[in-house]
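S.K.: Sharing a structure below in structure tokens format, with a few things to ask.
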Amino acid sequence: MSQINCNNVSCSTSAVALTEFTYTEIKEATNDFDESKMIGHGGCGSVYKGFLRHTTVAIKKFNREGITGEKEFDDEVEILGRMRHPNLVTLIGVCREAKALVYEFLPNGSLEDRLQCKHQTDPLPWRMRIKIAADICTALIFLHSNKPKGIAHGDLKPDNILLGDNFVGKLGDFGISRSLNLTNTTITPYHQTNQIKGTLGYMDPGYIASGELTAQYDVYSFGVVLLRLLTGKSPLGLPSEVEAALNNEMLQQVVDASAGEWPPEYSKKLAILALRCCRYDRKERPDLAKEAWGVLQAMVNYPDNKCKIPSFFICPMTQVSYIMRQ
Numbered sequence: 001m002s003q004i005n006c007n008n009v010s011c012s013t014s015a016v017a018l019t020e021f022t023y024t025e026i027k028e029a030t031n032d033f034d035e036s037k038m039i040g041h042g043g044c045g046s047v048y049k050g051f052l053r054h055t056t057v058a059i060k061k062f063n064r065e066g067i068t069g070e071k072e073f074d075d076e077v078e079i080l081g082r083m084r085h086p087n088l089v090t091l092i093g094v095c096r097e098a099k100a101l102v103y104e105f106l107p108n109g110s111l112e113d114r115l116q117c118k119h120q121t122d123p124l125p126w127r128m129r130i131k132i133a134a135d136i137c138t139a140l141i142f143l144h145s146n147k148p149k150g151i152a153h154g155d156l157k158p159d160n161i162l163l164g165d166n167f168v169g170k171l172g173d174f175g176i177s178r179s180l181n182l183t184n185t186t187i188t189p190y191h192q193t194n195q196i197k198g199t200l201g202y203m204d205p206g207y208i209a210s211g212e213l214t215a216q217y218d219v220y221s222f223g224v225v226l227l228r229l230l231t232g233k234s235p236l237g238l239p240s241e242v243e244a245a246l247n248n249e250m251l252q253q254v255v256d257a258s259a260g261e262w263p264p265e266y267s268k269k270l271a272i273l274a275l276r277c278c279r280y281d282r283k284e285r286p287d288l289a290k291e292a293w294g295v296l297q298a299m300v301n302y303p304d305n306k307c308k309i310p311s312f313f314i315c316p317m318t319q320v321s322y323i324m325r326q
């Protein structure tokens with residue numbers, strides 16, 4: 001099985017010089033944080049579409065109340081301020097007075113919006129879904145292998161997967177991400193916390209029980225994301241539902257038909273990989289670099305000549321010529 005090589009992509013973990021924006025610039029770019037400019041909202045703040053220094057950007061304004069918002073702001077600056085990767089959302093600059101972060105603007109919204117076909121968008125084809133999964137797998141491998149300490153995202157879900165040009169998948173929202181520590185008594189780097197954070201349906205059951213955030217937490221969440229891509233269904237109880245369908249040879253009845261005609265062998269491979277990621281025992285989950293990425297990449301490279309081309313994509317003269325030859 002092939003392994004991903006970070007040397008093949010443009011990525012960096014060295015400190016990046018972030019642009020400092022003024023509070024006035026941020027207010028003007030968002031029309032004083034006008035609701036019509038808002039493109040997202042979460043527990044730690046709101047995201048606005050803005051125009052700043054001749055560039056369309058996404059501006060995330062953190063809630064000013066409490067220590068939590070302050071810490072999430074600092075954590076996101078600390079992590080994204082020293083990382084560059086094609087599958088991570090690019091942090092352009094900050095405005096500390098406004099408690100705002102300025103990111104590249106990604107025109108195709110979030111994966112969650114696309115799975116729900118918000119704003120009457122077309123469903124994502126199955127091949128594109130697998131490509132997005134491979135993109136996010138690559139981002140996680142990069143984070144987990146960071147030196148000197150790996151990083152766990154801690155809140156992987158379709159809401160935090162953004163889609164750029166050509167639907168390149170990019171991982172964002174690092175407000176609760178943590179560096180992973182290795183002690184003399186452990187063999188797995190982890191971050192211990194008394195404050196359980198995350199999103200129901202994507203949270204590793206082991207993390208809920210122990211408070212230990214590890215890279216395997218992200219692997220579990222990634223498995224649920226894969227199942228969402230495969231089925232389009234809600235995350236709650238989804239691993240059990242898909243496992244039952246797989247065991248009863250009824251998998252094709254739960255796959256998302258709006259994605260097109262999934263090759264049965266690929267929908268099965270994706271389901272098996274996802275369920276392995278969602279195993280309760282962390283030791284039984286696959287290594288993303290050594291196993292998962294290779295499975296996904298093989299599906300991304302699915303030969304075009306095995307796909308039936310819809311007739312409306314074929315030149316009418318070509319169709320006539322084919323019929324006459326028959």
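For the sequence shown, full-length UniProt numbering gives the first residue as 1, with consecutive numbering after it.
Note that beta-carbon positions come from the ideal geometry of N, C-alpha and C, so glycine has one too.
1. Strictly by DSSP, which residues pair up with Thr55?
2. From what residue to what residue does the alpha helix (DSSP H) around residue 342 run?
3. When DSSP builds the beta bridges, which residues end up paired with Cys95?
4. Run through the DSSP bridge pairs and tell me what His41 is partnered with.
5. Report, in whole angstroms, the separation of the C-beta atoms of Trp293 and Ile141, which I expect to be a contact under 8 angstroms.
6. Identify whether Glu20 lies in helix, strand or coil by the three-state DSSP scheme.
7. For Tyr190, count the other beta carbons within 10 Å of its own beta carbon; 16 or more makes it buried, fewer makes it exposed. Which is it?
8. Counting only the same chain and skipping the five closest in sequence on each side, list residues whose C-beta sits under 7 angstroms from that of Gly93.
9. Going by alpha carbons, who is nearest to Lys56 out of Gly81, Leu106 and Asp74?
10. Return helix, strand or coil for Lys170, following the three-state DSSP convention.
11. Give the straight-line distance between the Cα atoms of Val224 and Leu238, rounded to the nearest whole angstrom.
12. Please list, in chain order, all residues of the same chain as Val255 whose beta carbon is under 7 angstroms from its beta carbon, the five residues on each side excluded.
13. Determine the contact status of Gly169 and Ile136, defining contact as a CB-CB distance below 8 angstroms.
14. Are the beta-carbon atoms belonging to Tyr23 and Glu76 less than 8 angstroms from one another?
15. With the cut-off set at 8 angstroms, would you say Asn31 and Cys44 are in Cβ contact?
16. Just the Cα atoms here: how many angstroms apart are Ile161 and Glu243?
17. Determine the DSSP secondary structure at Ser110, reduced to helix, strand or coil.
18. As a quick exercise: from Gln253, Phe174, Leu236 and Pro205, pick the residue whose alpha carbon is nearest that of Arg82.
19. So, is Arg114 buried or exposed, given that buried needs 16 or more other C-beta atoms within 10 angstroms?
20. Name the DSSP bridge partner or partners of Phe62?
21. Looking at the structure shown, is Leu236 part of a helix, part of a strand, or coil, going by DSSP?
22. Report the three-state DSSP secondary structure of Leu230 (helix, strand or coil).
23. Output needed for Lys157: all residues of its chain with C-beta closer than 6 angstroms, excluding positions within five of it in sequence on either side, in chain order.
24. Looking only at its own chain, which residues have a Cβ that is under 7 angstroms from the Cβ of Val300, when we skip the five neighbours before and after it?
25. Tell me which same chain residues have a C-beta within less than 7 angstroms of the C-beta of Ala259, skipping the five on either side of it?
26. If Leu213 and Ala152 are in contact, beta carbons under 8 angstroms, what's the gap, nearest whole angstrom?
27. According to DSSP, Ile161 sits in a beta bridge with which residue or residues?
M.R.: In this structure, then:
1. In the sequence shown, counting from the first residue as 1, residue 55 sits at position 55. Answer is Leu52, bridged to Thr55.
2. This structure does not reach residue 342, given that the chain is present from 1 up to 326, and the question cannot be answered.
3. By one-based count along the sequence shown, residue 95 stands at place 95. Per DSSP, Ala100.
4. Your numbering for residue 41 matches position 41 in the sequence shown. Residue pairing by DSSP places His41 opposite Ser46 in a beta bridge.
5. The sequence position of residue 293 within the sequence shown is 293, counting from 1. The sequence position of residue 141 within the sequence shown is 141, counting from 1. Between Trp293 and Ile141 the beta-carbon gap is near 7 angstroms, inside 8 angstroms, which marks them as a contact.
6. Within the sequence shown, residue 20 is the residue found at index 20, counting from 1. Annotated three-state conformation of Glu20 is strand, per DSSP.
7. For the purposes of this step, residue 190 is taken as residue 190 along the sequence shown, with counting starting at 1. Unreliable positioning characterises Tyr190 in this predicted model, as indicated by a pLDDT of 44, which lies under 50. The coordinate reading is nonetheless provided below. Buried.
8. Working through the sequence shown from its first residue, we reach residue 93 at position 93. Leu18, Thr19, Glu20, Phe21 and Val102, listed in sequence order.
9. As a position in the sequence shown, residue 56 is number 56, starting the count at 1. According to the sequence provided, residue 56 is Thr. The question's Lys does not apply to it. Comparing Cα positions, the closest option is Leu106.
10. Mapped onto the sequence shown, residue 170 falls at position 170. Secondary structure at Lys170: strand, using DSSP grouped into helix, strand and coil.
11. Position 224 of the sequence shown, counted from the first residue, corresponds to residue 224. Position 238 of the sequence shown, counted from the first residue, corresponds to residue 238. Note on geometry: alpha-carbon atoms of Val224 and Leu238 lie some 7 angstroms from one another.
12. Taking the first residue of the sequence shown as position 1, residue 255 is located at position 255. Take Val255, set aside five residues on each side of it, and the residues of its chain with a beta-carbon closer than 7 angstroms to its own are Leu230, Thr231, Trp262 and Ser267, in chain order.
13. By 1-based counting over the sequence shown, the position of residue 169 is 169. By 1-based counting over the sequence shown, the position of residue 136 is 136. Remark: C-beta atoms of Gly169 and Ile136 approach each other more closely than 8 angstroms.
14. Here residue 23 refers to the residue found at position 23 of the sequence shown. Here residue 76 refers to the residue found at position 76 of the sequence shown. No, these two residues do not count as a Cβ contact at 8 angstroms.
15. By one-based count along the sequence shown, residue 31 stands at place 31. By one-based count along the sequence shown, residue 44 stands at place 44. The Cβ atoms of Asn31 and Cys44 do not sit closer than 8 angstroms to each other.
16. In the sequence shown, the residue the question calls residue 161 occupies position 161. In the sequence shown, the residue the question calls residue 243 occupies position 243. Rounded to the nearest angstrom, the two C-alpha atoms are 25 angstroms apart.
17. Here residue 110 is taken as the residue at index 110 of the sequence shown, counted from 1. The answer is strand: DSSP assigns Ser110 an E or B state.
18. Stepping through the sequence shown from its first residue, residue 82 is reached at position 82. Distances from the alpha-carbon of Arg82 to those of Gln253, Phe174, Leu236 and Pro205 put Phe174 closest.
19. As a position in the sequence shown, residue 114 is number 114, starting the count at 1. Arg114 comes out buried.
20. Taking the sequence shown and counting its residues from 1, one reaches residue 62 at position 62. Partner(s): Gly45.
21. Looking up residue 236 in the sequence shown gives position 236. Coil at Leu236, not helix or strand.
22. Taking the first residue of the sequence shown as 1, we reach residue 230 at position 230. The answer is helix: DSSP assigns Leu230 an H, G or I state.
23. Against the sequence shown, residue 157 aligns to sequence position 157. Thr199 and Tyr202.
24. Here residue 300 corresponds to residue number 300 of the sequence shown, with the count starting at 1. Counting only residues of its own chain and dropping the five nearest sequence neighbours on each side, Val300 has a CB closer than 7 angstroms to the CB of Ile130, Lys131 and Ala134.
25. Residue mapping note: residue 259 aligns to position 259 of the sequence shown, counting from 1. Cβ-Cβ distances below 7 angstroms link Ala259 to Pro123, Leu124, Pro125, Trp126 and Arg129 in the same chain, with the five nearest sequence neighbours on each side left out; the list follows chain order.
26. Taking the sequence shown and counting its residues from 1, the one referred to as residue 213 is at position 213. Taking the sequence shown and counting its residues from 1, the one referred to as residue 152 is at position 152. At roughly 5 angstroms, the Cβ-Cβ gap stays under 8 angstroms, so Leu213 and Ala152 are in contact.
27. Along the sequence shown, read from residue 1 onward, the residue named residue 161 stands at position 161. Ile161 pairs with Leu171.
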